[in-house]
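> Here it is, the structure in full.
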Amino acid sequence: MLQILNDYEKTRLSERQPLPDSYLGLADEDMDVRIAEARRTLGRRLVILGHHYQRDEVIKFADYTGDSFKLSRQAASRVDADYIAFCGVHFMAESADILSGPHQQVVLPDLAAGCSMADMADPDDLDICWRELEQMGVGSVVPVTYINSAAAIKAFCGERGGVVCTSSNAPATLRWAWERGERILFLPDQHLGRNTAYKLGVPLDRMVVWDPNEICGGLTEDEVRAARMILWKGHCSVHTRFTVGQIDTLRRHHPGIRIIVHPECTLDVVQAADDCGSTEYIIKTVQQSPVGSVWGVGTEVHLVNRLARTLAPDRTVLSLDQFGCLCSTMFRISPNHLLWSLENLVDGRVTNRIVVPDPQRHWARLALDRMLAIQ
Ligand code: 13P
Ligand code: SF4
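Sequential numbering of the sequence shown, starting at 26, is according to this note's numbering.
As structure tokens, then:
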């Protein structure tokens, strides 16, 4: 299948330093010993951040685990570390670079670890969208980007009085934005935007979807003018695989089951679930439920399996999708890549470093700082 890459993906992949052959085919136990040794050697100079979707073989080495919001805070707080090894995806490592100090270097063990949703918002398309909105005479628009987006998109929002949000703080961020403008341009995830606005009482007929592949998003001036939410046509290919049918099946087979899903799922799935929240929220909610509870969880399969096996013992945790939904880009970070990155750092080599240049850095930082300040 022919894959069309946008400039953001092309740059990322052209800078990628591939894993050397000597790091292929290593035994798991040997890698564990060598990773532990490299961590010991680097000591406090190194901090490893791990997103909840990482595999067990990788996340067990993380100093901090979390959702995107928590990891952003961690990246900003560990000022004593020279190196931040980010076991997650590209946009997360970019945010860590923006929030960390000038003496710190952020490494993404494999630059191919992108996020297909983030790649759906191309900065050039956003420029066109903004100009078309101006040409349509639609003003009072506050741009809000989900953290799952390129630094250039965050910078665009920062420069125009907008902000970044995560799945943890999306409602507070939308309220913040509506205090500053009549309507929000929300990107790249239409589902997080729709679910959050709907929860805050915005009717569906006051939301429109902007298709960046159509002239003027495929919308009329009147449709855009009437909207409180202009939703970018982007989605997560993992979370949109969950369906109401799967929820119904689980409820039939497990009376009393509670269903919790991530807000990147479609509105009908979120409405059919009992609860919805970020990965960190999902973990806390299941852990705090009574012993013996049964949960159906709609999020990435590594987290669901970890909840079932170790994070929430004495509860039954099932995936909504019986085959599990894997985030293939998160899966790119293998223990081999982590080992290679750390041994390079021990030898004074920084491979697959993430650097967000100025002025993008300045404006993206402003948008992220606004996000961190919103309670
Ligand atoms: P969280 O911030 O909830 O961890 O979500 C990140 C993500 O990419 C979900 O698909
Ligand atoms: Fe991106 Fe979806 Fe993977 Fe999250 S699960 S990193 S949104 S592709």
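We put the beta carbon where it would ideally sit given N, CA and C, even for glycine.
Regarding S141 and the ligand SF4, is the C-beta to nearest heavy atom distance less than 6 Å?
Yes; taking the cut-off as 6 Å, the Cβ of S141 has a heavy atom of the ligand SF4 nearer than that.
> Any heavy atom of the ligand 13P closer than 6 Å to the CB of E119?
no
> Just list the residues that DSSP pairs Q271 with in beta bridges.
Partner(s): none; Q271 has no beta bridge.
> Could you compute how far the alpha carbon of M232 sits from the alpha carbon of V249?
Answer to the nearest angstrom: the Cα atoms are 8 Å apart.
> Would you say the beta carbon of E34 is closer than 6 Å to some non-hydrogen atom of the ligand SF4?
no
> For E239, count neighbouring Cβ atoms within 10 angstroms of its own Cβ and tell me buried if that reaches 16, exposed if not.
exposed
> Taking buried to mean at least 16 other C-beta atoms within 10 Å of its own C-beta, is K402 buried or exposed?
There is simply no residue 402 to check, as the chain begins at 26 and stops at 400 in what is shown.
> Of all the options E40, A297, R390, D293, which has the alpha carbon lying nearest to the alpha carbon of I282?
It is A297 whose Cα lies nearest to the Cα of I282.
> Rounded to whole angstroms, what's the CA-CA distance from R276 to I109? Just pull it up for me.
43 Å
> At the level of alpha carbons, what is the spacing between Q405 and V316?
No information on residue 405 is available, as it lies outside the stretch 26 to 400 that the chain covers here.
> Taking the beta carbon of P237 as the centre, do at least 16 other beta carbons fall within 10 Å, making it buried, or is it exposed?
buried
> For the region 252-260 against the region 213-220, are there 3 or more C-beta pairs whose distance is under 8 Å?
yes
> At a threshold of 6 Å, does N369 count as lining the ligand SF4 (C-beta to nearest heavy atom)?
no
> What does DSSP give as the partner residues of M254 in its beta bridges?
I209, M232
> Give the straight-line distance between the Cα atoms of A143 and D247, rounded to the nearest whole angstrom.
29 Å
> The ligand NAD and T335: does the residue's C-beta get closer than 6 Å to at least one heavy atom of that ligand?
Because the ligand NAD does not appear in the structure shown, any question about it cannot be addressed here, the ligands present being the ligand 13P and the ligand SF4.
> Please go through the same chain and pick out, in chain order, the residues whose beta-carbon is closer than 7 Å to the beta-carbon of V380, but skip the five residues on each side of it.
D122
> On the CB-based measure, 16 or more other CB atoms within 10 Å of its CB, does Q271 come out buried or exposed?
buried
> Relative to the ligand SF4, is the shortest distance from any of its heavy atoms to the C-beta of C352 smaller than 6 Å?
yes
> Per DSSP, which one or two residues make a beta bridge with Q130?
Y108
> Could you give the residue range of the alpha helix (DSSP H) that holds G8?
In the structure displayed, the chain extends from 26 to 400; residue 8 sits before or after that span and is not available.
> Given this structure, state the Cα-to-Cα distance separating P196 from V295, to the nearest angstrom.
15 Å
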